[in-house]
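Q: Residue numbers (this note's numbering): 45 to 304. First the structure, which I've put down as structure tokens, then a few questions once you've had a look.
This is the structure in structure tokens:
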């Protein structure tokens with residue numbers, strides 16, 4: 045009687061950071077290794093995403109401080125009618141909001157928190173949906189898939205950092221938000237928030253997530269596509285709703301809390 049021998053998965057030795065170049069060239073090898081139950085291999089990609097996200101925040105804050113000189117155009121229309129005390133309070137408030145805490149610290153905290161919360165949310169949703177579809181795998185595998193599949197977002201941060209340094213300008217219309225109507229209605233603002241989250245990098249992430257699901261579960265291609273799209277779309281929609289709520293609060297600057 046002959047037995048079918050399954051060839052063992054190629055193990056990738058060494059530190060997890062050395063897996064990154066392999067993932068860029070042959071993502072299948074990484075997904076095959078992270079499919080082992082209870083292997084928490086998400087740390088390396090999440091650290092890379094955190095570092096590039098912090099770099100994006102630092103460069104954005106630097107540009108905001110460079111362009112934060114108060115001019116007459118930035119003052120309220122009736123500023124000249126304020127009392128001297130009110131004018132002093134307004135100028136002091138403007139200086140506070142342009143300080144390091146508001147320009148660097150708070151955006152960094154919210155961005156990092158959003159990165160890790162979004163990763164946990166997508167990983168949890170992915171595990172839940174694939175389980176409902178009859179897929180095999182555990183929570184750690186889903187978190188590994190999401191973390192490694194999100195590496196294109198680190199490349200997006202690097203591209204944005206280089207673009208901002210060269211142009212000395214903030215990125216005002218991320219993604220395809222430029223196609224959104226200019227009307228200030230709630231639906232148009234929500235549409236603009238959603239379109240701002242869509243670009244070639246997020247499409248790349250979605251494709252990698254679907255590919256990872258196919259390799260680590262017994263789901264069909266259709267179920268893998270549904271699992272990946274629904275998991276990511278729910279988080280993107282929540283991110284857009286947060287942006288809508290922020291935009292409705294008196295035109296406050298939106299601090300993007302999610303890494304998408």
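Using N, Cα and C, we set each Cβ at its ideal position, and we do this for glycine too.
By the three-class DSSP mapping on this structure, what secondary structure does residue 218 have?
A: Note: residue 218 maps to coil in three-state DSSP.
Q: Counting Cβ pairs, one atom from each stretch, are 3 or more of them under 8 Å apart for the stretch 88-100 and the stretch 153-170?
A: Output reads yes: the stretch 153-170 touches the stretch 88-100.
Q: Is it buried or exposed for residue 202, if we count other Cβ within 10 angstroms and need 16 for buried?
A: Residue 202 comes out exposed.
Q: Pull up the CB-CB distance for residue 173 and residue 253, whole angstroms please, since I reckon it's below 8 Å.
A: At roughly 11 Å, the Cβ-Cβ gap does not stay under 8 Å, so residue 173 and residue 253 are not in contact.
Q: Is the beta carbon of residue 77 closer than 8 Å to that of residue 205?
A: Not closer than 8 Å, so no.
Q: Can you give me the Cβ contacts of residue 152 inside the same chain, cut-off strictly under 7 Å, excluding the 5 residues immediately before and after it?
A: Contacts found: 98, 101.
Q: Closer than 8 Å, CB to CB, is residue 288 near chain B or not?
A: Judged by its chain identifiers, the structure shown contains no chain B, having just a single protein chain.
Q: Please report the distance separating the alpha-carbon of residue 179 from that of residue 90.
A: Residue 179 and residue 90: Cα-Cα distance of roughly 25 Å.
Q: Run the proximity test for residue 186: is its beta-carbon closer than 7 Å to any non-hydrogen atom belonging to the ligand NAD?
A: As far as ligands go, the structure on display features none, and thus does not contain the ligand NAD.
Q: If you follow the alpha helix (DSSP H) that residue 202 is part of, which residue opens it and which one closes it?
A: Note, residue 202: alpha helix (DSSP H), 195-211.
Q: Leaving out five residues before and five after residue 269 in sequence, what residues of the same chain have Cβ atoms less than 8 Å from its Cβ?
A: Result list for residue 269: 254, in chain order.
Q: By a C-beta neighbour count over all protein chains shown, 10 Å radius and 16 as the cutoff for buried, is residue 217 buried or exposed?
A: Its Cβ having fewer than 16 others within 10 Å, residue 217 is exposed.
Q: Going by CA-CA distance only, name the one from 66, 61, 107, 65 that's closest to residue 211.
A: The candidate whose alpha carbon is nearest that of residue 211 is 107.
Q: What do you get for residue 84, buried or exposed, if any count of 16 or more other CB atoms within 10 angstroms of its CB means buried?
A: Its Cβ having fewer than 16 others within 10 Å, residue 84 is exposed.
Q: Alpha helix (DSSP H) containing residue 108: first to last residue?
A: Here the alpha helix (DSSP H) through residue 108 covers 87-110.
Q: Determine the burial state of residue 267: buried for a count of at least 16 other Cβ atoms within 10 Å of its Cβ, exposed for fewer.
A: With 16 or more Cβ atoms within 10 Å of its Cβ, residue 267 is classed as buried.
Q: In the structure shown, what three-state DSSP assignment does residue 178 receive?
A: DSSP places residue 178 in coil when its eight states are reduced to three.
Q: I need the DSSP call for residue 242, collapsed to helix, strand or coil.
A: Residue state, collapsed to three classes: coil.
Q: What is the C-beta distance between residue 256 and residue 184, in whole angstroms, given that I count them as a contact (C-beta under 8 Å)?
A: Not confirmed; about 13 Å, so no contact.
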